[in-house]
Each structure stands twice: as structure tokens, then as C-alpha cells.
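Colleague:
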Amino acid sequence: MLNDSDAIRILVSTHDLERAGKIRGLCENLGYQVELVTPEEDISSSKHFELLVITGAAHSKSALYLLKQANSIFGSPCLAISDTTKSHDDYQEVFPEDSNLEDVVGVSRAIIERRRLQLTAGIVGETDAMKQVLERVVAVAPVNSTVLVTGESGTGKELVARGIHHLSSRRHNSFIAVNVAALTDTLLESELFGHQKGAFTGAIDSRRGIFELADKGTVFLDEIGEMPIATQTKLLRVLEQQEFNRVGGEKAIQVDIRIVTATNRDLKQLVALGQFRKDLYYRLNVLRIELPPLRERREDIPLLVDSFVEESSKRHHRSFEGISSEAMEILKDYHWPGNVRELNNLIESMVVLAPGRKVTPADIPEEVRTGENAAAVVPIDMISSGVLQKSEDKGIRPELEFVFRTLVELRMDVDDLRGEFRAYKDREDVVGGPIPVAVDSDTYDLEEGEIELGISPSEGNDEASWGSDAEVKLMAKPNVMYSSGVTLEELERKAIAAALLEFNGNRRKAAQSLAIGERTLYRKIKSYGL
């Protein structure tokens, strides 16, 4: 049931008066306000409504008249019950005359909730992939279970979390978003749980944390995969018992909150590596929503562009002449490694720097026109290159993909790299043991000015299991030489890459070997794009 403040209006035509009455009763039971309209009625001066239902003769002149008014004046979706199987593009759905009216009302509700979600949360998309996401959000919003939102960076995970909150019974209470990766371990616990006076240096007063501030509301924890193990244990208690202790506090604090989390990492893989608690993973993964990358829903790009243009024009008080069809095709063809966020930033820059005419291909940044950085963000086809072998139904392990992405980001020529791999694969004296890859006096010779990285997974490493399960085997062990003249920043970047390779992507061990904190390492990984 909806509250009075959330009352939604539906118009139902009286083409079939008996059917209209039954639909009105079913809709009113759901909390909707229903108004019956006659077939010839002028509804142009009506109050805004969320849906029009045509109860019969869907293709008659009178029905199409109502449909035209609903679409052109109000932009409201319409569905119909028809005596013919003939379809009509302007109807969201057409039901046969013998349809169960409860099914009709059920679809009506789904359309209304999906539209409401798009308007309140700003989620834009009409592709099948996005419709599935919206339907999933509508389905999970009313319950209190935890939700895990997954997807690449920039796909809109926080918007989905806000949508879940707006469609839930908690919508009149707080929604608080926290980026876990942006906070140090100590600060993260203080932010989430609060602290008592004197709990640590600088704690001059007691302070409520986010879980207390969001009581009766929703907390969104972004980048949950970066949460330290110690904090994961405390979060598990919040999820299971809805209680916690402030940092330095002895009294248990009870709260009523819903937690939505998000990540762009493979939590199962983190569990296998011992970096994420298995019990917490199962507790978070009760309900899951996976967001598609923008490159998999290119048909939504024009809609997103229109939405971002309108938003940026209002915010910056700029008029915008539009985008030519040729320029739009370039935007649709681009691979968008930064997904929707990257598109939004580009459109905002276009609006601010609008040339006073329609945007043409020449106005689009070169990297978007040419897709120059595609190799750095699109997974390498390692199978077709002949470098790797895999079993029939197993995917490429993330650690191996990480190795190859790192090499690409170090500006190695991919074709030369493949050639080196093939050459080493053909050699009979390939060494099978691990090769140390730390950058030290043995690998960096100041006189010669060269860096040599030995790239080889440890075959006996149980923690990462690069190839122990025969999913993927590295068939070559190249020593990659880099020319002299590197800057200190480049040297640090390569040292971090080497440490990550040595420990199979385990950041904690890599940080220990480099004698820096794990958070510092994480920031440097993001800074260097590793």
C-alpha cells in the first residue's frame, strides 16, 4: 500500500464499463487513485497521471485519440485490452480480451514502479538489459534483505541503490552512501560505528556513526570488496543482529537499517584469496543486481545523451544546439571504458564548451573518435593468440588477465609481446619454478639503465592457484626489457606492478614486500591505473 503523499493517478477508459470497474477496484486496493474517462473525452486539461488503461477496442478512433493525448501531452505510458492481435507501437502492452485482469493490473503496477524509479533515481535506459535491471530493483525494493549490486566502475551502482531506497518503505528516512575504499581502516570504523570520547587520539567528543544516523533508513556501502577483514567481522554482526558497539564503547547499540552494497570486483575470488569473509559474502549476496556495461547497451546512449544535456544545460545555464547524427554514431561506437560516468563527463564538457552550433565529429575528443585507448581497457583475446590454454567450460582467471592488462598499460607492443611468448613457448628449456620479480640491484642496473621483469606465476601457490586446477596455464616465461630514461614515478609504478605479479595480485603481501601500507598501495594502484 502507498501512503497518501505517494498517491499515483491512473486513467481507465470506459470502452468496456464492466471491465473498467473491476480494474478500478483492483488498482484502488493497491493504493492508486483511479479516474474513469469516456472514450471521446478530452483529457488534455487533466491532472498528471502515471498510466492510461484502454479497456477495449484498442485500435478504434476514440482509443487512439486518448492514446495520442496521453503520449504527446503527458508522456504517460499506455496499455490496452484489445479484441484483435494487431499491435501498436505506442502501447506499452496489449492484452487479449480473455486476459486475467489481475495480470493486467500486475503489469500496470510494474510499468508504474519502473517509471517512478527512473524519475526518482535518474536511471535512464530502455534496452532489454536495463529493463531487467529496473524490474529487479522494483522486485527487491519492498523487502528488507541486503542487496549486492555488481558491475564495472561507472555503471551507476549508487543510482540503483538510491532507487531501491526510494521504492522501499524506508524512503522517508535517511539514505547515506559511503565509499569504503576512500577511508583508512581506523577512519572507516569511526565513520560507520561512531566512537566514544577518548577512543583514540583526537577523539575529543563522542560521535554517532553512519549506522546510527541512518536508523530506519538505508546505508549504501560502495566498493565493499576493499573493506578490511576486522571491519567485515563487525559488519557481519550488524547484518545478523542489527547491533554494534561504537569504537571504544562498551554498550551495544540497536539499529534498524537496510544495507545495500556494491563492488566492481569478484568477491568469490576475494573469498578464495582469503581477503573477504565467506560468511559475509553469503550474507551480502542474498539479493543480487548486476549492471551491464555501457558497451552492452549502446541503444541507450542517445537517451543518456539527451538526459545529460538537459541536466548540464540547467546546471550551467547554457543553451546547447545538439549533436549531429554523425557525432552520435561515434558516441554509440565508442567502447566507453568509464561507462555512463565517462559519457556524462564528456557531455558536460560539450555543453560548457558548446561551439554555438551542432556538435560534429571534429568536436569530439580524438581518443573517442579513434578509440585509441581501447587496448588498455578491453580484455585481450588471450585464447586466440595461442598464448594461453583453458578448459572447455572455464573462464580465464582474473590473475592472468591482470598480468596481461599490466603489460599493456606499461606500453608494451602487444604483437611483439605475443611473438616473444610464442618463442619462449617453443623453447624446451623453459624454467618451471618461480622467478623473483622485485625491482632491485639485480634487475635494475644504473649503468645499463634497464629494467628486467620476470613474469611467472608460482606453480605451487595455493593462495592464488594460478594454474593448479588446470583452468589456465602460462605457456611462456618472458623477461621484458624496458629502456633507460625512466622517471622515478615510472620506476615506482613498475615496482608496484612487479610486486603484484610476484604475489599474484594479493595487495596485502605486495604492500608488505614494498614496506608501505595497504591503503597507500591501493591509492597508488588507482593513481597508476594498475
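End of the sequence shown = 606 in my numbering, gap-free, step of one. The C-beta atom is built at its ideal place from N, Cα and C for all residues, glycine as well.
#1: Any idea if Glu104 is buried or exposed, counting beta-carbon neighbours within 10 angstroms, 16 or more meaning buried?
#2: How should Ala571 be labelled, buried or exposed, when 16 other C-beta atoms within 10 angstroms of its C-beta is the threshold for buried?
#3: How long is the line joining the alpha carbons of Tyr604 and Ser121, rounded to whole angstroms?
#4: Is it true that the CB of Phe579 sits closer than 8 Å to the CB of Ala586?
#5: With 16 as the cutoff for other CB atoms within 10 Å, does His392 come out buried or exposed?
#6: Quickly, what does DSSP pair Ile86 with across the bridge? List them, please.
#7: Report the rounded CA-to-CA distance for Phe171 versus Val110, giving the unit in angstroms.
#8: Using C-beta distances below 8 Å, list every residue in its chain close to Asp332, excluding the 5 sequence neighbours before and after it, in chain order.
#9: Using a threshold of 7 Å, is the CB atom of Leu193 nearer than that to any non-hydrogen atom of the ligand ATP?
#10: Quick check on the DSSP output: the beta strand (DSSP E) that includes Val336 runs from which residue to which?
#11: Go through its chain and collect everything with a Cβ distance to Asp376's Cβ below 7 Å, but skip five positions before and after it.
#12: Under 8 Å between the Cβ atoms of Leu106 and Arg185?
#13: Consult DSSP for Arg322 and reduce its assignment to one of helix, strand or coil.
#14: If you check the beta carbons only, do Gln272 and Arg322 fall under 8 Å apart?
#15: Within a Cβ cutoff of 8 Å, which residues of the same chain sit near Val435, ignoring the five residues on either side of it in sequence?
#16: Taking Gly239 as the reference, which of Val216, Ser221, Thr260 has the closest Cα?
#17: Can you list, in chain order, the residues of its chain with a C-beta nearer than 6 Å to that of Ala146? Leave out the 5 residues immediately preceding and following it.
#18: So the beta strand (DSSP E) Gln330 belongs to, where does it begin and stop?
#19: Can the beta-carbon of Asn415 be found less than 8 Å from the beta-carbon of Thr294?
#20: Across the region 216-226 and the region 354-362, are there enough close Cβ pairs to call them in contact, namely three or more that are closer than 8 Å?
#21: Going straight from the alpha carbon of Leu140 to that of Thr90, what length do you get?
#22: Where does Ala591 sit, in a helix, a strand or coil, going by DSSP?
#23: Nearest by alpha-carbon distance to Asn577: which of Ile592, Leu606, Lys600 is it?
Modeller: The relevant details are as follows:
#1: Translated into positions along the sequence shown, residue 104 becomes position 28. Exposed, since its Cβ has fewer than 16 Cβ neighbours within 10 Å.
#2: Locating residue 571 in the sequence shown gives position 495, counting from the first residue. Buried: at least 16 other Cβ atoms inside 10 Å.
#3: Position 528 of the sequence shown, counting from 1, holds the residue named residue 604. Position 45 of the sequence shown, counting from 1, holds the residue named residue 121. Cα to Cα, the separation comes out at about 58 Å.
#4: One-based indexing of the sequence shown puts residue 586 at position 510. One-based indexing of the sequence shown puts residue 579 at position 503. Yes, the Cβ-Cβ distance between Ala586 and Phe579 is below 8 Å.
#5: The residue you call residue 392 lines up with position 316 of the sequence shown. By the neighbour-count rule (16 or more Cβ atoms within 10 Å), His392 is not buried but exposed.
#6: Position 10 of the sequence shown, counted from the first residue, corresponds to residue 86. Ile86 is bridged to Val110, Leu127.
#7: For the purposes of this step, residue 171 is taken as the residue at position 95 of the sequence shown. For the purposes of this step, residue 110 is taken as the residue at position 34 of the sequence shown. Their backbone Cα atoms lie some 20 Å apart in a straight line.
#8: Counting from one through the sequence shown, the residue named residue 332 turns up at place 256. Excluding sequence neighbours, Asp332 sits near Asp291, Lys292, Gln318.
#9: This structure does not include the ligand ATP; it has no bound ligands of any sort.
#10: Residue numbering aside, residue 336 sits at position 260 when the sequence shown is read from its first letter. Per DSSP, the unbroken beta strand (DSSP E) holding Val336 starts and ends at 334-339.
#11: The count along the sequence shown starts at 1 and reaches residue 376 at position 300. Val200, Gly201, Glu202, Thr203, Met206, listed in sequence order.
#12: As a first step, residue 106 is located in the sequence shown; it is residue number 30 there, counting from the start. As a first step, residue 185 is located in the sequence shown; it is residue number 109 there, counting from the start. For Leu106 and Arg185, yes; Cβs fall inside 8 Å.
#13: The residue given as residue 322 occupies position 246 in the sequence shown. Coil.
#14: By one-based count along the sequence shown, residue 272 stands at place 196. By one-based count along the sequence shown, residue 322 stands at place 246. Yes, these two residues count as a Cβ contact at 8 Å.
#15: Walking along the sequence shown from the start, residue 435 turns up at place 359. The residues are Glu397, Gly398, Ile399, Ser400, Ala403, Met426.
#16: Position 163 of the sequence shown, counted from the start, is the residue given in the question as residue 239. Of the candidates Val216, Ser221, Thr260, Val216 places its Cα closest to the Cα of Gly239.
#17: In the sequence shown, residue 146 corresponds to position 70, counting from 1. So the qualifying residues of the chain are Leu128, Ser152, Cys154.
#18: For the purposes of this step, residue 330 is identified with residue 254 of the sequence shown, where counting begins at 1. Here the beta strand (DSSP E) through Gln330 covers 328-330.
#19: If you number the sequence shown from 1, residue 415 lands on position 339. If you number the sequence shown from 1, residue 294 lands on position 218. Not in contact: Asn415 and Thr294 (Cβ atoms no closer than 8 Å).
#20: They touch, by the three-pair rule.
#21: The sequence position of residue 140 within the sequence shown is 64, counting from 1. The sequence position of residue 90 within the sequence shown is 14, counting from 1. Straight-line Cα distance between these residues: approximately 14 Å.
#22: Sequence index remark: in the sequence shown, residue 591 carries index 515 (1-based). The answer is coil: DSSP assigns Ala591 none of H, G, I, E or B.
#23: Taking the first residue of the sequence shown as 1, we reach residue 577 at position 501. Strictly speaking, residue 577 in this sequence is Leu, with Asn absent from that position. Checked all of Ile592, Leu606, Lys600; the closest Cα to Leu577 is Leu606.
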